[in-house]
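In my numbering, the protein residues as written are 3 to 333.
Laid out in structure tokens, this is it:
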């Protein structure tokens, strides 16, 4: 079997108007065109042993186990590859379910089409499905877990972050088309004159000056303080000598963090000793051009949502925690 072409489809397409994220693979079965599944000894048993969860694939039968029934009756390898590509993604945490396999009109040549959540994962699943099908046909061992782990890594590396992902999900619910413009968080919503672009929580309507200020914790504090909004006492430090002076001025407990960091990287809170302060200072320097030290104040961590200059809601961020019962092991 040989892959002749792989295309990534984005938006309404020949196969579906609603399924807008599809992989289209042109596959040449070669000599396997003459060997459907019911003519390969032990194929069904090996397939089911490797993918017992495929029992949930209803296929055209419309009932659980429908795909395995098709395998028993005899189906071609393009159809098998379609289902394996879908199941690989599902096992890696990407729930996909749409697939089609159709002949191109040339002998032994098929279009295998299936849905994906992340483009790179879809392409990998296509290639892995062909390898797995060949191994099942030949009756040789295959390391399935390696493919699943690789797909999980691709998913974590390429999927949208929580902020961008929520916006894109809501756009999809409202029927707003979107295009991912790079492998990070740059997304286009809508087409033509109506299009808008977002990157994480920043939109094309967001002011550049506001973004620059918000990225600088010291400047943000200064503006808030000037508006009579209470802020914790603190200062910017660059050397160990600066750190000593700040500790003497503000006392413990303290917070040390990069001045222009994000996602909590390099942050250390509730510092109560000089050793902790020194370690926190070194950690913060890894993530920012300068370091800010502040008094530690207990309270709550909120994320505020503002739409069209109006406060909409606030999310209370609570660290993940487990309350043990003294008996069971945390898995």
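For every residue, glycine included, the Cβ atom is placed at its ideal position computed from N, Cα and C.
Computed from a predicted structure; not experimentally measured.
Requested in this report: Would you list the residues sitting across from residue 237 in a DSSP beta bridge?
Outcome: Mapped onto the chain shown, residue 237 falls at position 235. Bridge partners of residue 237: 295.
Requested in this report: Look at the alpha carbon of residue 21 and the alpha carbon of residue 100, and state the distance between them as a whole number of angstroms.
Outcome: The residue labelled residue 21 in the question sits at position 19 within the chain shown. The residue labelled residue 100 in the question sits at position 98 within the chain shown. Taking the straight line from one Cα to the other gives about 8 Å.
Query raised in the report: Can residue 135 and residue 82 be called in contact, C-beta distance under 7 Å?
Result: Within the chain shown, residue 135 is the residue found at index 133, counting from 1. Within the chain shown, residue 82 is the residue found at index 80, counting from 1. Yes. Within cutoff.
Report task. Kindly give me the distance between the Cβ atoms of residue 273 and residue 294, rounded to whole angstroms, as I take these residues to be in contact under 8 Å. Result -> Here residue 273 corresponds to residue number 271 of the chain shown, with the count starting at 1. Here residue 294 corresponds to residue number 292 of the chain shown, with the count starting at 1. Not quite, the Cβ-Cβ distance comes to about 13 Å (not below 8 Å), so this is no contact.
Query - Terminal residues of the beta strand (DSSP E) in which residue 227 lies - result: For this step, residue 227 is matched to residue 225 along the chain shown. Here residue 227 belongs to no beta strand (DSSP E); instead the alpha helix (DSSP H) covers 219-228.
Query - the region 75-93 touching the region 122-136, judged by at least three CB pairs closer than 8 Å - result: Counting C-beta pairs closer than 8 Å gives three or more between the region 75-93 and the region 122-136, which meets the contact rule.
Report task. Would you kindly check if the distance between the Cβ of residue 96 and the Cβ of residue 48 is under 7 Å? Result -> Sequence index remark: in the chain shown, residue 48 carries index 46 (1-based). Sequence index remark: in the chain shown, residue 96 carries index 94 (1-based). Against a cut-off of 7 Å, the Cβ pair of residue 96 and residue 48 comes out as no contact.
Report task. Please confirm whether residue 52 and residue 153 have their CB atoms less than 7 Å apart. Result -> Against the chain shown, residue 52 aligns to sequence position 50. Against the chain shown, residue 153 aligns to sequence position 151. Contact: no.
Query raised in the report: Which full runs of the beta strand (DSSP E) of 3+ residues lie inside the region 5-39, going along the chain?
Result: 23-30
Query raised in the report: Just the Cα atoms here: how many angstroms apart are residue 45 and residue 33?
Result: As a first step, residue 45 is located in the chain shown; it is residue number 43 there, counting from the start. As a first step, residue 33 is located in the chain shown; it is residue number 31 there, counting from the start. Near 16 Å, if we compare the C-alpha coordinates of residue 33 and residue 45.
Query raised in the report: Measuring from the CB of residue 211, is there a heavy atom of the ligand GTP at a distance below 6 Å?
Result: Among the ligands in the structure shown, none appear at all, so the ligand GTP cannot be discussed.
Query raised in the report: Apart from the five residues just before and just after residue 72, which ones in its own chain have a Cβ nearer than 6 Å to its Cβ?
Result: Your numbering for residue 72 matches position 70 in the chain shown. Excluding sequence neighbours, residue 72 sits near 61.
Requested in this report: Answer with buried or exposed for residue 118, where buried requires no fewer than 16 other C-beta atoms within 10 angstroms of its C-beta.
Outcome: Within the chain shown, the letter at position 116 stands for residue 118. That one is buried.
Query raised in the report: Whose CA, out of 127, 181 and 177, lies closest to the CA of residue 155?
Result: Along the chain shown, one-based indexing puts residue 155 at 153. When only C-alpha atoms are compared, the closest one is 127.
Requested in this report: Look at the alpha carbon of residue 94 and the alpha carbon of residue 187, and state the distance between them as a whole number of angstroms.
Outcome: Looking up residue 94 in the chain shown gives position 92. Looking up residue 187 in the chain shown gives position 185. In a straight line, the C-alpha of residue 94 is about 22 Å away from that of residue 187.
**Report entry** Exposure of residue 23, with buried meaning 16 or more beta-carbon neighbours within 10 Å
**Finding:** By 1-based counting over the chain shown, the position of residue 23 is 21. Buried, since its Cβ has 16 or more Cβ neighbours within 10 Å.
Query raised in the report: Looking at C-alpha atoms only, which residue of 12, 30, 16 and 13 is the closest neighbour of residue 5?
Result: Numbered from 1 along the chain shown, position 3 holds the residue referred to as residue 5. Taking only the C-alpha atoms, the option nearest residue 5 is 30.
Query - Through-space distance from residue 160 to residue 27, alpha-carbon basis - result: The residue you call residue 27 lines up with position 25 of the chain shown. The residue you call residue 160 lines up with position 158 of the chain shown. The alpha-carbon atoms of residue 27 and residue 160 are separated by roughly 21 Å.
Query raised in the report: When we look at the beta-carbon of residue 196 and count the other beta-carbons within 10 Å, is it buried (16 or more) or exposed?
Result: Position 194 of the chain shown, counted from the first residue, corresponds to residue 196. Counting Cβ neighbours within 10 Å, residue 196 comes out exposed, since fewer than 16 surround it.
Query raised in the report: How would you write the range of the alpha helix (DSSP H) that residue 321 sits in, first residue to last?
Result: Here residue 321 refers to the residue found at position 319 when the chain shown is read from its first residue. Residue 321: not part of any alpha helix (DSSP H); DSSP gives it neither H nor E.
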